[in-house]
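Its first residue numbered 159, the sequence shown is counted upward by one per residue in my numbering. By construction, the Cβ of each residue, glycine as well, lies at the ideal position given by its N, Cα and C atoms. For clarity, every value in this text was computed on a predicted model and none was experimentally measured. Working notes, structure below.
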Amino acid sequence: MSEDVAKQAELVEVRPGIHAWVQPDGSWWLNNAGAITTAAGQLVVDTCATATRARRFLDTLADTTGQAPKLAVNTHQHGDHTYGNSLLPSTTTLIGQEKMREGLRVDPIIDGCPPFWSPVPDWGDVERRLPDVTITDALTVHLGDKRVELRHPGGPAHTTGDLIAWVPDDRVLFSGDLVFAGLTPLVFMGSVPGALAAVDWLAGFGPEVLVPGHGPILSGAEIERVLEEHRRYYGLVLRAGAHGVEQGLSPLEAARTVDLGEFAGWADAERIVLNLHRYYADHQGTELDLIAAFSDAVAYNGGPLPTRV
């Protein structure tokens with residue numbers, strides 16, 4: 159990773175005391191994170207994939223707010239949101255959904271990333287750090303008078319252990335990877351119908367600012383536009399999956415028949431293959447084969463998946 163690319167990341171104050179850490183261009187392993195800070199304490203929402211990127215986020219946040227995080231939460235188990243956990247202060251209490259904690263506990267990719275991506279990411283000096291506190295459905299964090307509601311969508315969506323962080327007084331929503339703004343959504347470790355249902359669930363909060371897991375910060379009418387794009391994309395996946403099953407096609411074969419249309423220009427388009435593997439696994443009542451899914455995604459892409467992490 160070049161230093162110039164890493165420096166493109168930016169800490170944006172979306173409301174007084176509420177910051178989003180935005181990492182362009184939001185493609186593989188380049189997530190968003192953030193923090194809610196009051197005089198009573200600070201809650202960090204997610205870390206970053208590599209030691210270099212996580213340190214840049216946490217150092218910039220400390221320089222800006224003058225605080226160290228009292229609490230942190232992971233929105234789900236994937237390494238771009240969790241591998242930097244070990245760079246949080248040892249005194250920070252880390253929160254996660256119970257299934258997220260188990261997923262990170264057994265995650266083999268932190269120990270050595272497989273060559274499905276190019277260049278293969280170098281995580282740096284990170285160590286596996288699991289949540290200290292787990293929740294099932296909901297938890298409210300109080301930073302003085304500031305409420306932050308941590309909520310699970312009620313079932314599998316992006317993953318089985320998703321959480322959002324909702325700041326009701328400021329109408330700010332950190333969605334984690336339930337939202338990819340302008341990039342191809344990924345649900346291979348969750349559920350296509352569940353991810354679709356989660357879109358309406360998110361809309362029900364009525365956010366004025368939404369910090370997606372990847373892509374630019376959304377506000378006002380942009381939020382409903384992007385949520386509606388997600389509805390159309392998941393509809394495309396569901397139709398493609400049903401067609402592929404009916405025609406006896408493999409997930410890769412089904413993906414190759416799909417006209418991505420309005421979504422063809424989105425980064426990481428090969429995720430259609432991974433999402434169809436999820437559809438097929440659920441349809442057949444089997445476990446998803448991660449190696450087969452990523453091998454097919456690489457075949458669809460015509461080579462390893464590009465990273466700029």
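Of the listed residues Pro272, Asp265, His316, Ser333, nearest to Glu285 (C-alpha basis): Asp265
Close beta carbons around Leu354, own chain, < 6 Å, minus the five adjacent residues each side: Tyr392
Where Gly199 falls: helix, strand or coil (DSSP): strand
Neighbourhood of Ser377 by C-beta, 6 Å cutoff - its chain only, sequence neighbours within 5 removed: Val367
Through-space distance from Val203 to Tyr437, alpha-carbon basis: 29 Å
Bridge partner(s) assigned by DSSP for His300: Arg305
Counted within 10 angstroms of its Cβ, other Cβ atoms place Lys205 as buried (16 or more) or exposed: A small fix is needed here, since residue 205 is Thr in this sequence, not Lys. It counts as buried.
Outcome for Val384 when other beta-carbon atoms lying within 10 angstroms are tallied against a minimum of 16: buried
Contact under 8 Å by Cβ, Asp269 with Ala209: no
Helix, strand or coil at Val416 [DSSP, three-state]: coil
Alpha helix (DSSP H) runs contained entirely in the stretch 162-228, provided each spans 4 or more residues: 209-223
DSSP three-state assignment for Gln235, whether helix, strand or coil: coil
Neighbour-count burial assignment, Val431, 16 or more Cβ in a 10 Å radius: buried
Backbone CA spacing between Glu171 and Pro227 [nearest angstrom]: 16 Å
Beta-carbon separation (whole angstroms), Ala230 vs Leu245, contact threshold 8 Å: The Cβ separation is near 11 Å, so there is no contact.
Cβ-based burial, Ala413 [other Cβ within 10 Å; buried from 16]: buried
Distance, Met347 Cα to Gln442 Cα: 15 Å
Tyr241 versus Trp275: straight-line alpha-carbon distance, rounded: 17 Å
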